[in-house]
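Residue numbers (the numbering used here): 1 to 255.
Set out below in structure tokens:
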């Protein structure tokens, strides 16, 4: 069921749709499905499309400091959701960052709570992929990294192995008293779905969104860049990631 939930959405993403159209066109002997496939790939491979999708998914969140998010709140824990690690080649068996924004956002929130006189718990979730059984759970790696940067060992923990956001929410809820308030640190596009799943576990969520994929308008509007209208491999990948999140929200009824 887990692998099925990961594979099925591939057919609904631009590349999967284009391949289905090409197969259909080959069976029917028609050129229009092929033209439609090309149009799908062109549209979703443009950076302008991916930027638009990310802006839609990341609403209403904007990047704020931990101090601005917290104000006078005193959550029981700062919860940092996994983002994945890359198994680097070589005998050192080292895993490297895929994206460090969630980790450093968690440290920022933890430090701010300490400055406000709180004694929070810092929780990393133990992301783990069954096809990479020798890769240690992400939470264990991040816990060690946080301690190396000065977080007290007694203040930081990691969950058991988890494979998705629903698992993360269940594990964290089991570690805290019922009805606890948590400061949830995850990517802006992932926050709406994650927040719903954590709230369904009886937790009160204070969202701290990081890792924004859309660009701030203050840096220049994407409509003004002519390159954003040309298809690129990165644009297709970015649009596909955004659509996958939209599919995930729909499946979990977490819009």
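For every residue, glycine included, the Cβ atom is placed at its ideal position computed from N, Cα and C. Since this is a predicted model, take the numbers as computed values, not measurements.
Going by C-alpha to C-alpha distance, which of 57, 42, 28 sits closest to residue 250? Nearest in C-alpha terms to residue 250, of all of 57, 42, 28, is 57.
Tell me which residues share the same chain as residue 171 and place their Cβ nearer than 8 angstroms to its Cβ, disregarding the 5 neighbours each side in the sequence. 125, 126, 159, 160, 162.
Have a look at residue 48 and residue 187 and give me their C-alpha separation to the nearest angstrom. Using only the alpha carbons, I get a separation of about 20 angstroms.
Nearest-angstrom beta carbon gap, residue 40 and residue 18 [assumed within contact, 8 angstroms]: About 5 angstroms separates the Cβ atoms of residue 18 and residue 40, confirming a contact at the 8 angstroms cut-off.
Contacting residues, own chain, Cβ-Cβ under 8 angstroms from residue 155 (five flanking each side not counted): Listed in chain order, the non-local C-beta contacts of residue 155 below 8 angstroms within the same chain comprise 110, 119, 120, 121, 122, local neighbours out to five positions each way being set aside.
Around the C-beta of residue 195, are 16 or more other C-beta atoms found within 10 angstroms, so that it is buried, or is it exposed? Burial is judged here by how many other beta carbons sit within 10 angstroms of a residue's own beta carbon; residue 195 has at least 16 and is buried.
Where does residue 250 fall in DSSP's three states? Under the three-state reduction of DSSP, residue 250 is assigned to helix.
What did DSSP end up calling residue 122 once you bin it into helix, strand or coil? Three-state result, residue 122: strand.
Do you know offhand how far residue 199's Cα is from residue 189's? C-alpha separation (whole angstroms): 17 angstroms.
Enclosing beta strand (DSSP E) for residue 208 [first to last residue]: DSSP places residue 208 inside the beta strand (DSSP E), whose first and last residues are 204-210.
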